[in-house]
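Visitor: What follows is a structure written as structure tokens; I'll ask about it next.
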Amino acid sequence: MLNSGKLFEEKFNKVDQQFPLLQELIFHQIDIETLENLSWRFNTMHYLHTLTIDIAEDRLSSMPVQFDEFICGKLFTESNSFKILKL
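Going by the UniProt record's numbering, the first residue of the sequence shown is number 1, and it counts up by one from there.
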């Protein structure tokens with residue numbers, strides 16, 4: 001069985017390489033695990049200005065208690081280039 005997170009990351013790598021000047025990134029219906037696995041990538045996207053995250057409805061009930069710590073610790077860092085975060 002394919003790991004969907006790994007497959008998504010491979011596709012995201014292609015987008016990142018083809019559009020290095022990407023200014024806005026929108027994730028619709030993303031699960032928290034995939035978002036956490038990709039969070040380090042936001043440090044490498046130097047032109048990213050707006051990051052929009054729409055967490056999958058079916059994942060909200062299983063959202064870990066530590067999600068607030070994740071938001072503060074990984075998304076709100078000085079190394080991230082985006083200026084606007086929409087949740």
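Note that the Cβ used here is the ideal one computed from N, Cα and C, for glycine as well.
Would DSSP call F12 helix, strand or coil?
Guide: As a working note, residue 12 is residue 12 in the sequence shown. DSSP places F12 in helix when its eight states are reduced to three.
Visitor: Helix, strand or coil for T52, going by three-state DSSP, please let me know.
Guide: Walking along the sequence shown from the start, residue 52 turns up at place 52. Of the three classes helix, strand and coil, the one that applies to T52 here is strand, per DSSP.
Visitor: Could you check if N80 is buried or exposed, using at least 16 other CB atoms within 10 Å of its CB as the buried criterion?
Guide: In the sequence shown, counting from the first residue as 1, residue 80 sits at position 80. Classification for N80: buried.
Visitor: In chain order, what residues of the same chain have a beta carbon less than 8 angstroms from the beta carbon of Y47, not counting five sequence neighbours either side?
Guide: Within the sequence shown, numbered from 1, the residue matching residue 47 stands at position 47. If we look at Y47 and ignore the five residues flanking it on each side, its Cβ neighbours are P20, L21, L22, Q23, S81.
Visitor: Does E24 come out as helix, strand or coil in the three-state DSSP assignment?
Guide: Within the sequence shown, the letter at position 24 stands for residue 24. Correct three-state label for E24: strand.
Visitor: Whole angstroms are fine: how far does the CA of L38 sit from the CA of E10?
Guide: Position 10 of the sequence shown holds residue 10. Position 38 of the sequence shown holds residue 38. If I take the Cα positions, the gap works out to 11 angstroms.
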